[in-house]
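Quick note, the sequence shown lines up with residues 442 to 646 if you use this note's numbering.
Notes follow the structure.
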Amino acid sequence: MKNPWEEISLSDYENHMRLDSVMQLQAMNEMMKSQFNDYSVTNIMILGIAGGNGLEHISKDKFEKVYGVDVNSDYLKETAHRYSCLDGILNCLCIDLINETDKLPKADMVIANLLIEYIGYECFQRAVRQADPKYVSCMIQINSEGNWVSESPYLHAFDVLEQVHHQIEVHTLEKTMLEIGYHTIKTLEYALPNGKKFIQIDFER
């Protein structure tokens, strides 16, 4: 069965996410700057990298390897094209985290922004165990009102995700991570339009 994310064009995804009424692409970009720089690591893995949003904050002086993982090969091709300046550091990997977790390499840090919603807690546990990082930084979306996808001209491009979307709760995520030896070291909130917010939770083993 094809993963629903393989059916969504990158332009629909990014154009929706950057709308003034959504503002998620911009918010995630700003938060990723600190995700990349807050910890002393030389290689990181970004799960669900899409079009590479945030990679302009990667310093060649700091990182030896950046693994960009996504299930959509078209997204990865565009990411590699956009960030050709990171050639030799950026390694794009087409991996379906539902079925191919064992293909993930090891990394000092795993970043998973708006990803756990689409693979669930247990699958995320497997991915973290496989990558075996010291740090994990997650960003989840909390919806205080209305639908989990904001109204926009691109709304129906995301209809296919209904079959795989899980609402993630902070307490349950923290409990899930503690089960595999990771404790919470930081929590940040970022307000968004439409009564939504991002919550960043960082873990350390």
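Think of the CB as a built atom: it goes at the ideal place given N, C-alpha and C, for glycine as much as any other residue.
Where does residue i land, buried or exposed, given buried means 16+ other C-beta within 10 angstroms?
i       : result
Thr-483 : exposed
Gly-529 : exposed
Tyr-540 : Inspection of the sequence shows that residue 540 is occupied by Asn rather than by Tyr. By the 10 Å Cβ count, Asn-540 comes out exposed.
Gln-604 : exposed
Gly-636 : exposed
Asp-549 : buried
Ser-578 : buried
Thr-542 : buried
Leu-614 : buried
His-457 : buried
Ser-481 : exposed
Ser-462 : exposed
For residue i, which residues from the same chain have a beta carbon less than 7 Å from its beta carbon, with the 5 sequence-adjacent residues on both sides left out?
i       : result
Ser-514 : Cys-535
Lys-638 : Ile-583, Glu-630, Tyr-631, Ala-632
Leu-517 : Gly-509, Asp-511, Cys-533, Cys-535
Ile-626 : Asp-643, Phe-644, Glu-645
Asp-573 : Lys-547
Val-590 : Leu-596, Phe-599
Which class does residue i belong to by DSSP, given the choice of helix, strand or coil?
i       : result
Gln-566 : helix
Tyr-576 : strand
Tyr-454 : helix
Gln-608 : coil
Ile-560 : helix
Ala-553 : strand
Leu-527 : helix
Leu-534 : strand
Val-601 : helix
Leu-460 : coil
Looking at the strands, I want to know which residues DSSP matches up with residue i.
i       : result
Ala-468 : DSSP lists no partner for Ala-468.
Glu-645 : Tyr-576, His-624
Met-618 : Partner(s): none; Met-618 has no beta bridge.
Phe-477 : According to DSSP, which records beta bridges pairwise, Phe-477 is partnered with nothing at all.
Phe-639 : Gln-582, Tyr-631
Ile-449 : Paired residues: none, contrary to the question.
Ile-485 : Val-507, Met-550
Near residue i, what residues of its chain come up, given a Cβ to Cβ distance below 6 Å and the 5 sequence neighbours on each side ignored?
i       : result
Asp-661 : Since the first and last residues shown for the chain are 442 and 646, residue 661 lies out of range.
Asn-532 : Tyr-508
Val-601 : Pro-445, Glu-448
Gly-493 : Thr-520, Arg-523, Tyr-524
By Cβ distance below 8 Å, which residues in the same chain neighbour residue i in space, the five residues on each side in sequence not counted?
i       : result
Ile-621 : Gln-566, Val-569, Arg-570
At a Cβ threshold of 8 Å, is residue i touching chain C?
i       : result
Pro-445 : Going by chain labels, chain C is absent from the structure shown, which holds only one protein chain.
**Request:** Just list the alpha helix (DSSP H) runs in the region 487-520, keeping only unbroken ones of 4 residues or longer that don't cross its boundaries, in chain order.
**Result:** Entirely contained in the region 487-520, not one alpha helix (DSSP H) run reaches 4 residues.
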